[in-house]
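Shown next, in C-alpha cells, is the structure this report addresses.
Residue numbers (the working numbering), protein chains in the order written: chain F, 120 to 534; chain B, 499 to 807.
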C-alpha cells in the first residue's frame, strides 16, 4: 500500500499550507505591531510633558510697582525680575540678568497678579509665588535637550543657574495640571488643552442636537412609513453616497453655505457642529434603521391589534425598543465626528485662540485641530505636548466606544 | 359612559390632526440627505463655475504646472492628481496584501478566540483619527525613512510620498479587511466542501476556490479603498507637503488634491480671488471622482450579492 502521507508531493503541499497560514497570521501580527508601536511611541513622547518643574520664589510685593487702586496696571513682571535677581546676588551684568529672567515662565507674574487681585492686602508684604520654568529650561532639566538654549548655543551659565536653584530646593517636579486647565498659548509651558476641550464639547453638542433627531426621524420614515417608491430610492441612494463622500467636501459645503450664504460666524463651534452633523447623519440613519429593523413585526402587529394607529405603534412600542441600538450607533458616529479634523480646517476652526470659548458663536478650535496646530510648531516641547493632546483625544474616543459597547451588551435584546 | 366615549372621540380626533404633521416632519428630515447632496453640488459647483470663468477648463485639467501664488498664476491639475495617485498606489500596495490576508485569516483560519482578539484590533485601528496617523507619519515614519535612506546613500525628501503612503496604507487596512471578510464569508460553504472533497488542502481551497469566487467583492473593496485614499486629508497635509512636483518618484515630495484645497483656504483669504475659488474647483473634481468610484463599487457589490443570493 503506497504511503500517501509521506510522499514528496504531499509533504510539499502540507508545507505550502503551513507557509500560507503563517503569512495570513503575520498580516494580523503586522497590524498589531503597528498599533503597539504607534501607541507606545505616543506614550513615550508624551511622558516628559506630564510633569513640569515648578519654581517657588519668595518676593516682596513692592507698593511702588503696584497701586492698590489700579492692580491691573501693576508691573508684576518687574517684581518677579527683582525676585529672580535676588536669588542670584552674584550676577550683576545686565545681559546675564536677562538670560536668568528667560529661564522662568512669564506665568509666574500672572500667578502673582491673580493672587494680589484676589487679596489686595498682600501689597507691601513678602509672599511666595509659584510658577513653571520656561519650556527650554524645563526640557534641559529633564534631559531632553543637551543645552538650555534650543538653538544649541553655549548655555553653561544658564545650566549652572538651574543647578543652583535645584540644590537650593526651589524646584519641584509636579504633574502639569496646566496642560489640562489652561487655554492655548504661544509659550509651551503655558499652553493647555482647555480651550480645545470646550471647543470640542460645544461642537459635539451641536452635532448631537442636530444629527440625532434628524437621523432618527429619517430612519423612522424610511424604515416604518415610506412605501416602495422612486422618492424613497432617491433618498436611500443619497444616504449611501453621502456616507462615502470625503469629509473635506463637507467642510467646503459648510464654508460656502453656512459661513458665506447664511453668514454664521466663521471658526465657531456652531458652524463646526452643523458641518459634522451633516457628516455623521448618514451613519446615524443607517445605524437607526438597523436598530428599527431588528424589532420583530409581532410588536407592531400587537399594537395595531389593540387599536393603535400606525404612528402610535411605532412611537409607543417600536421606537422605545430600538433606542439602545440607535444610541449605540449614534455614539459611534459622534466618536467619529470627534476625531474629524479636515472639515473644521475648511471653516476656519484652525486659528490660534488663547481664550477659552464660552459660547457656541465664539471662535474656537477642537481637540484634533489642536493636535494639528501644535504638531506644526517648531519647539520640541510642543512636540511632546502634541502627544499628550493625542492621548487625551484617544482616551475620550476610547470612553465613547466603551460606552457604546456597554450599552449594546446591557440593553440590546435578541428576539 | 358618555364622558369616556366623548374623551375617546376627542383623542382620536387629535390623532388625526397630529399624525400628518409628524409624518411630514419625518419626511422632511429624510430630505436632509438629498438637500446635503444638492448643497454640495450647487455650492461647490457655483464657486467652481466662477473659477472656470477666470481659468479655462482645459488649462486646469491638462496644465502641468500648479503655481497659484506666482505673479502669473497657473492652475494645472496634473501634478496634483499624479501626486494623489502616487500616494494612493503606495497606500494600496501596503493595504491590499495586509488587508486581504487578514481577512482570509479571520474568515478561514481564526479560532473564535483569535477572532475575538483580531476583530477589535482592526476596529481600534479604524477608530484612530487620521490627524493622529498624520502626526505619526510626519514625526516618526518620515524621519525614520530618511535615516534609512541616508544609510544606503539615498537622499529622501523629509516630506516624501513614501511616508504618507505607508501610513495611509495602514489606515486603509481595516476598510479592506472588513469588506473582504464579509465577501469571503458570503462564499457558499458548498464550494469549499466541494474543494475539500476533491482532496485540496485548506490553503489550496482558499487560493483556487474561495478567493476567485470572492474576487468581485474584493475588487469593490479596493475601489472603495482608492476613493477613501484620494479623499483623505490629514495624513497628506501633515506628511506629504506642498511642493507641486510632477514626479512619480516615491522618495520625492509631492502634493495632493486635498492638501492644496486646504492650502488655498487656510489663512487670510479674500473670497473672490482665483486662488480661493480654485479650492472649490479641486473640491468638485474630488467629489466627482470619489462619487464615480463609489457608484462603481456599490454596483459591483450588488451584482456579486445577487450572484450568490
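We treat Cβ as the ideally placed atom computed from N, Cα and C, and that holds for glycine.
Checking 8 Å against the spacing of the C-beta atoms, do residue i and residue j come in under that value?
i	j	result
residue 761/B	residue 740/B	yes
residue 494/F	residue 633/B	yes
residue 720/B	residue 636/B	no
residue 588/B	residue 663/B	yes
residue 267/F	residue 180/F	no
residue 398/F	residue 343/F	no
residue 373/F	residue 462/F	yes
residue 586/B	residue 759/B	no
residue 723/B	residue 673/B	yes
residue 781/B	residue 219/F	no
residue 458/F	residue 627/B	yes
residue 744/B	residue 577/B	yes
residue 250/F	residue 322/F	no
residue 418/F	residue 335/F	no
Could you have a look at residue i and say whether DSSP puts it in helix, strand or coil?
i	result
residue 257/F	helix
residue 186/F	strand
residue 752/B	coil
residue 500/B	Model confidence at residue 500/B stands at a pLDDT of 47, short of 50, so the residue's coordinates are unreliable; what they give is reported in the following sentence. Helix.
residue 681/B	helix
residue 175/F	strand
residue 565/B	strand
residue 405/F	helix
residue 225/F	coil
residue 618/B	helix
residue 479/F	coil
residue 248/F	strand
residue 170/F	strand
residue 530/F	helix
residue 139/F	helix
residue 778/B	helix
residue 381/F	coil
residue 575/B	coil
residue 701/B	helix
Does the beta-carbon of residue i have 16 or more other beta-carbons within 10 angstroms, so that it is buried, or is it exposed?
i	result
residue 590/B	buried
residue 401/F	buried
residue 499/B	Any reading at residue 499/B is ruled out, since the residue's pLDDT is 43, under 50, leaving its predicted position unreliable.
residue 491/F	buried
residue 244/F	exposed
residue 713/B	exposed
residue 382/F	exposed
residue 790/B	exposed
residue 517/F	exposed
residue 308/F	buried
residue 677/B	buried
residue 501/B	Caution applies to residue 501/B, whose pLDDT of 49 falls short of 50 and renders its modelled position unreliable; the model cannot decide the point.
residue 556/B	exposed
residue 641/B	exposed
residue 301/F	buried
residue 644/B	buried
residue 354/F	buried
residue 522/B	exposed
Within 8 Å (strictly less), CB to CB, does residue i reach chain B?
i	result
residue 360/F	yes
residue 230/F	no
residue 347/F	no
residue 140/F	yes
residue 449/F	no
residue 199/F	no
residue 502/F	yes
State yes or no: is the beta carbon of residue i nearer than 8 Å to at least one beta carbon in chain F?
i	result
residue 545/B	yes
residue 499/B	Here the model assigns residue 499/B a pLDDT of 43, short of 50, so the residue's position is not dependable, and the following value carries that caveat. So no, residue 499/B is outside the interface.
residue 683/B	no
residue 647/B	no
residue 759/B	yes
residue 657/B	no
residue 700/B	yes
residue 513/B	yes
Within the stretch 448–475 of chain F, ranges of the alpha helix (DSSP H) (whole runs, at least 4 residues)
Listed in chain order, the complete alpha helix (DSSP H) runs (minimum 4 residues) inside the stretch 448–475 of chain F are 461–465.
Within the stretch 262–330 of chain F, note down every full beta strand (DSSP E) run reaching 3 residues or more, in order along the chain.
Those beta strand (DSSP E) runs which fall completely within the stretch 262–330 of chain F and span 3+ residues are 290–294.
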